[in-house]
Amino acid sequence: MKLYAYRCRQCGRRTYPARLICDCCGGRDFEPEPLEGTVTLLTHTRVHCLPEGINRPYLDFGLVEFENGVRAVGQLRLQSAAWIGMKLRAGVDVVRVLRGEEKYGFVFEEDSTPSV
Ligand SMILES: [Zn+2]
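Taking the working numbering, the leading residue of the sequence shown gets 1, the next gets one more, and so forth.
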């Protein structure tokens, strides 16, 4: 399971989630690009009042930036405290079960790959 950014074939601007019309040039032709790999944490928050379908007392959410400049929000699943600027690995997983249907979204975890 992957989530995608959409790159405008006219001006190259990437958006997530998908748009019908490019907000930069008005183009309507987009090319999907998988959103994955290393991201940088821009900010984060803990939410205690969660919607239906999430059976947990709270969740941590992060706004991240992918290496291609696209920004997205997802769940943080960290072993240690979050800090702005930390590098994380983006993945996609079930983030909510709504009336028996699994909903997928971004999850961001510490990168376990040894640094060079
Ligand atoms: Zn465009």
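Backbone N, C-alpha and C fix where the C-beta goes; we use that ideal spot for every residue, glycine too.
For residue i, verify whether its CB is less than 7 angstroms away from any heavy atom of ligand 1.
i: C11; result: yes
i: C49; result: no
i: G27; result: yes
Could you spell out where the beta strand (DSSP E) holding residue i opens and where it closes?
i: R96; result: 87-98
i: H44; result: 37-47
Does DSSP put residue i in a helix, in a strand, or in coil?
i: G26; result: coil
i: V70; result: coil
i: L63; result: strand
i: L78; result: coil
i: P17; result: coil
i: E52; result: coil
i: P57; result: coil
i: G12; result: coil
i: K103; result: strand
Excluding the five sequence neighbours on either side, which residues of its own chain have a C-beta within less than 6 angstroms of the C-beta of residue i, listed in chain order?
i: R77; result: V107, E109
i: H48; result: Y58
i: L98; result: G53
i: R7; result: R14, E31, E33
Counting only the same chain and skipping the five closest in sequence on each side, list residues whose C-beta sits under 7 angstroms from that of residue i.
i: M1; result: V92, Y104
i: T40; result: V64, E65, G85, K87
In chain order, what residues of the same chain lie with their CB nearer than 8 angstroms to the CB of residue i, ignoring the 5 residues before and after it?
i: H44; result: D60, F61, G62, L63, L76, A82, I84
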